[in-house]
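These notes concern the structure reproduced below.
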Amino acid sequence: MSWDDIAGVASLDTVFWAFSDSLDEHFIEQNKFDFDFFTSTWIEKINSKLHKYRFYFSVHGLMLKDSLHEEFGEVSIVLFDKALADRLLDENKSNNYQWTEYLHSTLYKKFIGKTTLIVSVFGCRDLSELVAREKANSVISYFRFIFCVLHHDRVKEGLVKISIENEWPENNSDFFYVESDHISLSNHRGAAPLFAFDIYSRNFSDIKKNGYLNEISDFIFHPYNNYEKAVKSAIYWIGEAQNDFKPDSAFVKYWISIESLLTTGLHSQNGITRNLVDGMPILIWYCGHEFSDRPNVRWLSKRINALYDLRSKIVHEGHGVQINCNDLRDLCKYSSWLILSFLWLRSNFNYTECKQVIKLIENLKVSEFSEDFETRTRSLLLAAQAP
6 MSWDDIAGVA
16 SLDTVFWAFS
26 DSLDEHFIEQ
36 NKFDFDFFTS
46 TWIEKINSKL
56 HKYRFYFSVH
66 GLMLKDSLHE
76 EFGEVSIVLF
86 DKALADRLLD
96 ENKSNNYQWT
106 EYLHSTLYKK
116 FIGKTTLIVS
126 VFGCRDLSEL
136 VAREKANSVI
146 SYFRFIFCVL
156 HHDRVKEGLV
166 KISIENEWPE
176 NNSDFFYVES
186 DHISLSNHRG
196 AAPLFAFDIY
206 SRNFSDIKKN
216 GYLNEISDFI
226 FHPYNNYEKA
236 VKSAIYWIGE
246 AQNDFKPDSA
256 FVKYWISIES
266 LLTTGLHSQN
276 GITRNLVDGM
286 PILIWYCGHE
296 FSDRPNVRWL
306 SKRINALYDL
316 RSKIVHEGHG
326 VQINCNDLRD
336 LCKYSSWLIL
346 SFLWLRSNFN
356 YTECKQVIKL
366 IENLKVSEFS
376 EDFETRTRSL
386 LLAAQAP
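Written as structure tokens, this is what we have:
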């Protein structure tokens, strides 16, 4: 493995450990220094720390109901059952009876019956966990986003929270990883939801079609352009908002999700504000999708203006601003619809830059406005094709 290959799979700690060990071996002990031999040894020692890992993260608040296995790009989503537990135990036999009993107890008590994310990573131990956890959290963010799309009317209740680990110290959220023929257990503090977001196979088919799951899984782990990076950021922040128990904090995070999409490339505060309050209703109105009931664009514009004023009040006045249930519900709904609109534009017009959306909004502002579907579609096509 070359230096270029090592960059993405070895942590700095691993690199420095290998450097120090190689230096001791070839300079201090032998009282000489051969640079080529030293470099070769350094790389070999780094390589000795690189392995293939499979990380298993138990998910709270998300349940596969009638399917045992689904794929999300590079991540597998499985319902951890007895057959999987027995297979892992059989593949990782140990002569240590106490360890075997503890492993058996952990898998049966804390994993069986739960939705689990499986992430395969190659690298050193520390960096592999960071990469695996980032990918797992991207999947969690996506399902929080889909919950906002499907159940924004219930987000105000705060009953469904999807997480791998969070801030509640009284609840343990465990994961384990497999390296070669050895299972290692870890323990982190986590948050337990009150109810689960149930996913049936028919829901998964609908999500793949109308929630752009397949398209998102192509770029959410490795976004290529600023459009994909903006969508990934928006999904992350809407997920953080949906998982937040404090209404004012969640409200601001929903706005951060919106700003991730509509402020890229803008510099003046006035331009940013206008694009937020004007761009949202226009995109939601014109960029149709299956989940949106498409409210009247003029009413929607007034509502978003009011929500933006409330956001400014929270930012400038801080703690003490009251967010009612309807405010939180509506902002959750509009922010999730906005993400769908961006995904719709990417799918239908192959957008790769956020400035293309800003240009589209400006063109649609002067387009013929009509409730008629054909007129609206014609206006959208003309605006998208305008120079």
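Each residue of the sequence shown is one higher than the one before, starting from 6 at the first, in the numbering used here. Quick reminder that beta carbons are idealized off the backbone N, C-alpha and C, glycines included. Note that this is a predicted model, so its numbers are computed, not measured.
Measure the C-alpha to C-alpha separation of residue i and residue j and round it to an integer number of angstroms.
i, j, result
"residue 390", "residue 335", "32 Å"
"residue 345", "residue 288", "10 Å"
"residue 188", "residue 129", "16 Å"
"residue 44", "residue 280", "54 Å"
"residue 272", "residue 278", "Any reading at residue 272 must be qualified, since the residue scores a pLDDT of 49, below 50, and its modelled position is unreliable; the value itself is stated next. Taking the straight line joining both Cα atoms gives about 10 Å."
"residue 379", "residue 291", "11 Å"
"residue 1", "residue 361", "Outside the displayed range of the chain (6 to 392) lies residue 1, so it cannot be described from this structure."
"residue 227", "residue 21", "27 Å"
"residue 310", "residue 77", "36 Å"
"residue 348", "residue 47", "45 Å"
"residue 182", "residue 56", "12 Å"
Within 10 angstroms of its Cβ, does residue i collect 16 or more other Cβ (buried), or is it exposed?
i, result
"residue 99", "exposed"
"residue 320", "exposed"
"residue 13", "exposed"
"residue 174", "A caution first: residue 174 carries a pLDDT of 43, below 50, which makes its placement in the model too unreliable to give a value."
"residue 237", "buried"
"residue 42", "exposed"
"residue 303", "exposed"
"residue 139", "exposed"
"residue 352", "exposed"
"residue 92", "exposed"
"residue 88", "exposed"
"residue 207", "exposed"
"residue 19", "buried"
Just to check my reading of the structure: residue i and residue j have Cβ atoms closer than 8 Å, yes? What is that Cβ distance to the nearest angstrom?
i, j, result
"residue 83", "residue 73", "6 Å"
"residue 159", "residue 256", "About 16 Å separates the two Cβ atoms, so there is no contact after all."
"residue 68", "residue 211", "So it is not a contact: roughly 17 Å between Cβ atoms."
"residue 121", "residue 63", "5 Å"
"residue 225", "residue 143", "5 Å"
Hey, could you find the ends of the beta strand (DSSP E) residue i is sitting in?
i, result
"residue 159", "Careful: residue 159 lies outside any beta strand (DSSP E) and carries neither H nor E."
"residue 74", "74 to 77"
"residue 83", "80 to 84"
"residue 202", "202 to 204"
"residue 67", "67 to 69"
What does residue i pair with, by DSSP beta-bridge criteria?
i, result
"residue 59", "125 and 183"
I'd like the span of the alpha helix (DSSP H) that includes residue i, first residue to last.
i, result
"residue 167", "Run containing residue 167: none; DSSP gives neither H nor E here."
"residue 54", "Segment: none, residue 54 is in no alpha helix (DSSP H) and carries neither H nor E."
"residue 19", "17 to 28"
"residue 321", "302 to 322"
"residue 98", "Segment: none, residue 98 is in no alpha helix (DSSP H) and carries neither H nor E."
"residue 245", "231 to 247"
"residue 111", "102 to 115"
"residue 255", "252 to 267"
"residue 339", "330 to 354"
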